[in-house]
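Protein chains: 2
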Amino acid sequence: MSIVEMSKVLSNKARVDVLAWLKNPEKNFPPQVNVPNFDDGVCVCHIQNKLGLSQSTTSHYLSMMEKAGLLIGTRIGKWTYYKRNEEQIEKFIQSLSSEL
Amino acid sequence: MSIVEMSKVLSNKARVDVLAWLKNPEKNFPPQVNVPNFDDGVCVCHIQNKLGLSQSTTSHYLSMMEKAGLLIGTRIGKWTYYKRNEEQIEKFIQSLSSEL
DNA sequence: ATTACATATCGAGAATTATCAATATATTAT
DNA sequence: ATAATATATTGATAATTCTCGATATGTAAT
Chain X
1 MSIVEMSKVL SNKARVDVLA WLKNPEKNFP PQVNVPNFDD GVCVCHIQNK
51 LGLSQSTTSH YLSMMEKAGL LIGTRIGKWT YYKRNEEQIE KFIQSLSSEL
Chain A
1 MSIVEMSKVL SNKARVDVLA WLKNPEKNFP PQVNVPNFDD GVCVCHIQNK
51 LGLSQSTTSH YLSMMEKAGL LIGTRIGKWT YYKRNEEQIE KFIQSLSSEL
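Protein chains in written order, with this note's numbering: chain X, 1 to 100; chain A, 1 to 100.
The following block contains the structure:
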């Protein structure tokens, strides 16, 4: 993922907010109902509630962020959980450090 | 400058190219005519030539980058020279490291 | 003062991104 | 099988960004 393409993903407050919230799910989201913890991330519906955006926009943003390598999505039953992809986020920061 | 605002500036190939070219002006631009070296940066007209964009777009992008803190512009006579603002670029990378 | 040139700003249309409602798909419960 | 629920995808409009030509401003030469 190039700097330009990654920057496009990061040039939106909602998406940067999600990334920040997912640093500390316990603090930023209510307890999950259908799984015991946040190990696989946060349920889409919780993220949508907090964003205050429509379901379709929320889903779109999350999959865009996954495609960019910022998030990891996991489907469990009817639900999809998203968490940060720390490895890739770190790689991006490294590439910025050297390329920018 | 927030991550979102800075990312907007970086989400364009032309602007990221300029930033990269200015890392090594001697290599990426012809010698300057009206000043002896690249100490104050590169003349707008050289950047415009290399970008292949219109004069107005080039000027717009450069001032946008200066406003974001990525570049430093210096007017000398009729010409304006732009160079990288290394201090601010480094600060941005640091803030990404902690906030992202 | 006038002209010439480099850059900046303005105004407008084209291209892209944001965002929604509607619909489709996947999964579970009945 | 059917219904219910969560998420994904599609199609459309609104908002933003891109990009240009035209014009304005600043500086130097005549």
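By construction, the Cβ of each residue, glycine as well, lies at the ideal position given by its N, Cα and C atoms. Everything numeric in this text was worked out from a predicted model, so none of it was measured.
Counted within 10 angstroms of its Cβ, other Cβ atoms place residue i as buried (16 or more) or exposed
| i | result |
| --- | --- |
| Val33(A) | exposed |
| Arg15(X) | buried |
| Pro36(A) | exposed |
| Gly41(A) | buried |
Three-state secondary structure assigned by DSSP to residue i
| i | result |
| --- | --- |
| Lys23(X) | coil |
| Val35(A) | coil |
| Leu71(X) | strand |
Endpoints, the alpha helix (DSSP H) within which residue i is located
| i | result |
| --- | --- |
| Leu62(X) | Gln55 to Lys67 |
| Ser7(A) | Ile3 to Leu10 |
| Asn51(X) | What sits at residue 51(X) in the sequence shown is Leu, not Asn. Run containing Leu51(X): Val44 to Leu51, per the alpha helix (DSSP H) assignment. |
Span of the beta strand (DSSP E) around residue i
| i | result |
| --- | --- |
| Lys83(X) | Trp79 to Arg84 |
Inter-residue Cα distance where the pair is residue i and residue j
| i | j | result |
| --- | --- | --- |
| Cys45(X) | Gln55(X) | 8 angstroms |
| Tyr82(X) | Ser59(X) | 11 angstroms |
| Lys27(X) | Lys13(X) | 19 angstroms |
| Asp39(A) | Lys91(A) | 22 angstroms |
| Cys43(A) | Glu5(A) | 26 angstroms |
| Glu66(A) | Arg75(X) | 44 angstroms |
| Ile47(A) | Val18(X) | 37 angstroms |
Cβ separation of residue i and residue j, assumed to be a contact under 8 angstroms, to the nearest whole Å
| i | j | result |
| --- | --- | --- |
| Leu102(X) | Gly73(X) | Since the first residue of chain X shown is 1 and the last is 100, residue 102(X) is not available in this structure. |
| Ser95(A) | Leu10(X) | Between Leu10(X) and Ser95(A) the Cβ distance is about 12 angstroms, and since that is not below 8 angstroms, they are no contact. |
| Leu100(X) | Ile3(X) | 7 angstroms |
| Lys50(X) | Trp21(X) | 7 angstroms |
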